[in-house]
Amino acid sequence: MRSKKAAILVSLIIIFALIFTGVLGFLIYKMVSIQNAQDDYKAIAASYANGDNPEGYTGNLANNSGTTSPEQVEHTLPFKIKDVNVLVKFDELKKQNSDIYAWIYIPDTNINYPVLQSGEDDNFYLDHDVYKNYSFPGAIYSQSNNKKDWSDRVTVLYGHNMLSGAMFADLHKFSDSSFFDSHPYIYVFAENRRLIYKIISASSYDNRHILNSFDFKNNKVFKDWLDNAQHPHSMYSKVRDGIELNLNSKILVLSTCLNSGSGRYLVQGVLVQDEHTK
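Residue numbers (the numbering used here): 2 to 279.
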């Protein structure tokens, strides 16, 4: 009887040891994968996107010298836009992956990444990196609901909320009033083009797929979304006063997971400058 119990005990110990080893191995693999992905993105930024000097642009943006539309001028006049430019080498980037079509940068955050869209699988970059390799951090991406020319009324970009602070984790910095107030802009760079979005609000939201749930071609639906962006139902939302939105506004939504619980954390901005660059 004792030998039988001992055998069972040994078997259980072996099973638990194997489980522990497997879990530990997976965690180590995940940590290494995340670190490798971070290193890859830093290398990409340094090599292809002027990552060490993102404020090296010397153009004249603040006085509306670009190709701003009449509808956008009303947004830009009251604001002094920080003169930021990321010199992205799109030709070289596209040789790495033709799905790359833009670059996003937010000052004083880790958000300095290529933006991708798969033509085959909307969720491909949820768990694949810029080189199309399987990766826990994935990439910053949009889905086929959005055109890649930034002409939609609402464009949504997705990114993971990584514990390491990578991808879109730093969106949560906008929950701090001081950071929200002192960082008003999102910078997006496309080929020969720079788009600047004034941040309207930062707030939690539910798990609905925004572009599948709302028909923004419908003026009432779009107006309701604009109203919600300026008056979020979230208790701990941050909102920037003095921004006028209308049916000609172009909205950028940056979406990531909440720090706890289910739902999404959204940082929303309105296009205030669309400038052609050399």
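Think of the CB as a built atom: it goes at the ideal place given N, C-alpha and C, for glycine as much as any other residue.
Every value quoted in this text rests on a predicted model; they were computed, and no experiment measured them.
Judged by pairs of C-beta atoms under 8 Å, the region 241 to 257 does not touch the region 88 to 100, as fewer than three such pairs exist.
The C-alpha of Asp-228 lies about 24 Å from the C-alpha of Ser-179. As a beta-bridge residue in DSSP terms, Trp-104 pairs with Pro-115, Phe-190. Shown here, Gln-231 sits in a helix according to DSSP, grouped into three states. The three-state reading of DSSP puts Gln-144 in coil, since its state is none of H, G, I, E or B.
Between Ile-211 and Arg-241, the beta carbon gap of about 20 Å keeps them out of contact (Cβ cut-off 8 Å). Just so you know, the alpha carbons of Asn-219 and Asn-208 end up roughly 22 Å apart.
Ile-105 has its alpha-carbon roughly 7 Å from the corresponding atom of Ile-112. Collapsing the DSSP output to three states places Lys-149 in coil.
Ile-252: member of the beta strand (DSSP E) spanning 252 to 258, first to last residue.
With respect to the 8 Å criterion, Lys-239 and Ser-176 are classified as neighbours on the basis of their beta carbons. Per DSSP, Asp-275 is one residue of the beta strand (DSSP E) stretching across 265 to 277. Comparing alpha carbon positions, the residue from Ala-140, Leu-259, Pro-138, Val-273 closest to Ser-204 is Leu-259. With fewer than 16 other CB atoms across the displayed protein chains lying within 10 angstroms of its CB, Leu-164 is exposed.
Counting other Cβ atoms within 10 Å of its Cβ, Gly-120 stays below 16 and is therefore classed as exposed.
Under the three-state reduction of DSSP, His-129 is assigned to strand.
According to the DSSP secondary-structure assignment, Lys-239 is paired through a beta bridge with Ala-203. For Leu-158, the enclosing beta strand (DSSP E) begins and ends at 155 to 159.
The beta carbon of Asp-150 sits closer than 6 Å to no other beta carbon from its chain once the five residues preceding and following it are set aside. Look at Asn-208 here: in three-state DSSP terms it is coil, with no helix or strand label. Per DSSP, Phe-137 lies in no alpha helix (DSSP H) and is assigned neither H nor E. Residue Tyr-114 holds the alpha-carbon nearest to the alpha-carbon of Leu-255 among Leu-88, Asn-51, Ala-8, Tyr-114. Using a 10 angstroms sphere on the CB of Met-168, the tally of other CB atoms reaches 16 or more, which defines it as buried.
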